Every structure is written in C-alpha cells, then in structure tokens.
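J.:
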DNA sequence: CTGGATCCGGTGTGATACTG
DNA sequence: CAGTATCACACCGGATCCAG
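Residue numbers (our numbering), protein chains in the order written: chain R, 1 to 92; chain Z, 101 to 192.
This is the structure we're talking about:
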C-alpha cells in the first residue's frame, strides 16, 4: 500500500499544508521579508513552509549580504504564480 | 491569525490529504467500487476521503438498489477531471 | 531581524472489530 | 460488499527559548 510519492504528489501535499497558500497569496502582492510574513502564519510554521516552498521553486530567496544584519526577501516565482492562477479558477 | 477558510482553500487541503490524489487517479481509469479502491488506500482513510471528495463534487456515487446487496460505484466528475489535468502540467 | 531547536498538545492515519 | 466505531500512534502545528 505504501508507495514512493511522485514529485507531483509531494507538491500537492505541500500546498495542502498550513500556511502554504497564505504565503503564496501574500507574496503575490510583492516581495516580502520574514517579519512581514509572520503576520500571516506562525513563526515555526513559516520556517518550515519557506524551506519547502523554495525547494519546489514556488518561491525564491534574495539575500543582501552587504547589510548587517543581512536583509532577506522572498519572491514569488513564475511557477508559484501559475499555481495561484489555477486555484483562482475553482472559486465560486 | 486564524481565519475562516474559503471553499477554495478547503479544496486544496483536501487534495493534500492522504489518498485523495490516489483515488482520483484510480477513478480516471474507470468507475470503481469500494472494494477496488481499497487496493489503493486504507479502509478507514478511504471512507473519509470518499465522503469529502463527494462533498466537493470531485466524485459521484452511483447506487444500484435493485441488487442485493446494493452495488455502489464511484465516478470521476468533470470537476475531478479538470483538477487531475492541472496537476499533470507540473510533472517533470 | 532571520532563523534553528525543542517540547508539547491536537489531529489525521491505520488496524481492528462490528453491522446491515 | 460497503460501510461505521473505536482506539493507539505518528506527525504537524504552535509556543518558547536560543543563536548569528
């Protein structure tokens, strides 16, 4: 019964997890920093989701190392936009 | 932080839950009965998913009452097909 | 500010037993 | 055959504390 999940199925699981959709929607409005995204999801959940969303290339990290402390921005990728577009279709 | 989820978000959650994708893919091959679907997911999980998938009109139940015991078939709806189509796009 | 590590409680999952 | 009920367990999410 246990099967190895395809990349596709893992992506679906990720989208279903808490915070994923909220983060993507927020980034759609424009690039956001960690502290901004915390308004939308919990700290620990945010940490985990950001890591996974980046792994699937739905978001990208932009780090400015020249600043102290470094400034990190999260950006919605094209793939991320596509996914958001799709789910809009199923609104009623 | 806690918000009431939109129908759309609930649908995403459902798709991310265990068994949803497996059931839809299986029904894509043709109508299936409860016992057939058990090959794909656990008994208890199957019960829950079928109920929720039907609630969102991704699948439909067809019952033949004339038979003893009644024969129940599950069918993939148009909406269910659309969803499967989309996720195919994200294959690599 | 941007995380990581940990602990703890709630919830989905799985196995099993039971019913019509 | 097609479910329902129950219970134990694993895992996810939330809160808190720590670090660069």
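The C-beta atom is built at its ideal place from N, Cα and C for all residues, glycine as well. From a predicted model like this one, the values you see are computed outputs, not experimental measurements.
Tell me, please, which residues DSSP counts as bridged to residue 162(Z).
T.: Paired residue(s): 173(Z).
J.: Report yes or no: is there a C-beta of chain Z within less than 8 Å of the C-beta of residue 9(R)?
T.: Closer than 8 Å: yes.
J.: Run through chain Z and tell me which residues come within less than 8 Å of residue 16(R), C-beta to C-beta.
T.: Correct list: 112, 113, 114, 115, 116 and 117.
J.: Assign residue 6(R) to buried or exposed, taking buried as 16 or more other Cβ atoms, counted over all protein chains shown, within 10 Å of its Cβ.
T.: By the neighbour-count rule (16 or more Cβ atoms within 10 Å), residue 6(R) is not buried but exposed.
J.: State the start and end residues of the unbroken alpha helix (DSSP H) segment that holds residue 47(R).
T.: Looking at the DSSP string, the run of the alpha helix (DSSP H) that includes residue 47(R) is 43 to 55.
J.: Residues of chain Z with CB under 8 Å from residue 51(R), in chain order?
T.: Within chain Z, no residue comes near residue 51(R); the closest Cβ sits about 17 Å away, beyond 8 Å.
J.: Please confirm if residue 186(Z) has its CB atom under 8 Å from at least one CB of chain R.
T.: Interface residue, yes.
J.: Using DSSP with H/G/I as helix, E/B as strand and the rest coil, what is residue 32(R)?
T.: If DSSP states are grouped into helix, strand and coil, residue 32(R) belongs with the strands.
J.: If the cut is a Cβ gap below 7 Å, which residues of chain R does residue 121(Z) touch?
T.: Result: 9 and 12.
J.: Work out the CA separation of residue 127(Z) and residue 172(Z) for me, nearest whole Å.
T.: Approximately 13 Å, taken between the alpha carbons.
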